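For reference, the structure is listed below as structure tokens.
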Amino acid sequence: MLISGKFQLEKNEHFLEHLVALGIAEEKAKVVDQLRPILEMNIDGDKLTIVSYSGQYKQTSNLVFNEEVDETVASTLTVKSIAQRRDDNKIDIFSRGNNGEKGQRTFEFFEENMIMSLSNDSESIPIAKRYYKRI
Numbered sequence: 001m002l003i004s005g006k007f008q009l010e011k012n013e014h015f016l017e018h019l020v021a022l023g024i025a026e027e028k029a030k031v032v033d034q035l036r037p038i039l040e041m042n043i044d045g046d047k048l049t050i051v052s053y054s055g056q057y058k059q060t061s062n063l064v065f066n067e068e069v070d071e072t073v074a075s076t077l078t079v080k081s082i083a084q085r086r087d088d089n090k091i092d093i094f095s096r097g098n099n100g101e102k103g104q105r106t107f108e109f110f111e112e113n114m115i116m117s118l119s120n121d122s123e124s125i126p127i128a129k130r131y132y133k134r135i
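Note that the numbering used here has the sequence shown beginning at 1, numbered continuously upward.
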């Protein structure tokens with residue numbers, strides 16, 4: 001399965017609720033929920049690069065499979081992350097914040113699209129899904 005490529009966000013499921021439960025102010029979370037970023041994924045050997053483009057905003061994550069690295073997310077927050085391949089069409093990224101909170105992003109790739117699921121170790125934070133179309 002081809003993983004590398006560009007993907008345009010088409011819709012969110014429980015993303016707003018996920019952000020608010022993480023402590024993001026509701027007004028800011030509503031703005032973020034309305035964005036439709038382009039996500040670029042690239043695998044080069046054991047390296048995974050994820051670039052998110054939204055207007056003039058660009059966020060790059062440089063990960064190494066099966067190795068813990070520092071990753072900046074949400075433009076200012078640095079977490080410890082480990083990327084792992086699962087099956088031939090899935091990538092899991094496990095992250096841990098400075099406060100010990102743990103989260104997971106699962107990317108599931110299909111021929112025409114990709115689904116990103118966001119979960120957290122706290123049961124009070126709903127699982128969010130983001131649906132992307134390959135472009």
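Glycine is no exception: its CB is placed at the ideal position from the N, C-alpha and C atoms. Quick caveat, the model's predicted, so the values are computed rather than measured.
Item: Note the first and the last residue of the continuous alpha helix (DSSP H) segment covering L16.; Value: F15 to A21
Item: Pick out whichever of K129, N98 and D121 has its Cα sitting closest to the Cα of E17.; Value: K129
Item: Quick one: using the 10 Å Cβ neighbour count with 16 as the cut-off for buried, is F109 buried or exposed?; Value: buried
Item: Report the three-state DSSP secondary structure of A74 (helix, strand or coil).; Value: coil
Item: Taking only three categories from DSSP, how would you classify E108?; Value: strand
Item: By the three-class DSSP mapping on this structure, what secondary structure does E26 have?; Value: helix
Item: So, are the CB atoms of I82 and E68 less than 7 Å apart?; Value: yes
Item: Going by beta carbon distance, what residues of the same chain come within less than 6 Å of K90, once the five residues before and after it are set aside?; Value: E108
Item: For E112, which of N99, N120, E101 and R134 has the nearest alpha-carbon?; Value: R134
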